[in-house]
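*Asks:*
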Amino acid sequence: MKKAIIVEGKTDREKLLQVLAEPVDIICTFGTSSLSKLEKLIDEENYDEVYVLVDADKAGSSLRRNIKYLFPNFRHLYTQKKYREVAATPLEEISKILSNAHFLVKEFYY
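Counting in the working numbering, the sequence shown runs from 176 upward without gaps.
(1) If you pair each beta-carbon of the segment 191 to 201 with each one of the segment 210 to 220, do three or more pairs fall below 8 Å?
(2) For L252, collect the residues of the same chain with a Cβ closer than 7 Å to its Cβ; drop the 5 residues on either side in sequence, then sort them by chain order.
(3) Checking 9 Å against the spacing of the C-beta atoms, do T204 and L238 come in under that value?
(4) Alpha carbon to alpha carbon, how far is N221 from K177?
(5) If you follow the beta strand (DSSP E) that R259 is in, where does it begin and where does it stop?
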């Protein structure tokens, strides 16, 4: 089963790679929320499951809204608002978010 996670930028991607224990394509939008650019960037037919994990801020909300419009079947994951950014979310929290979505994650000791 081929999975992908859509994030906003390189630091978000790096954060997820520290936690994931399975191969997952991480697609960076690099700040674009343009509908036409998103359609070109994300080829949903290449994946069995696609997830969205973006920042809890205005730009992230705009991106999430456009992705929901274009790709209504994608699954949305959320960081807590107190962290605002995926890159600022502690590894343990990222691990919980991904584990709850049935990703294999590395073990963290709390």
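We put the beta carbon where it would ideally sit given N, CA and C, even for glycine. Note that the structure is predicted; figures quoted are calculated from it, not measured.
*Replies:* Put simply:
(1) no
(2) Y226, V227, L228, I272 and A276
(3) yes
(4) 8 Å
(5) Unbroken run through R259: none, as it is neither H nor E.
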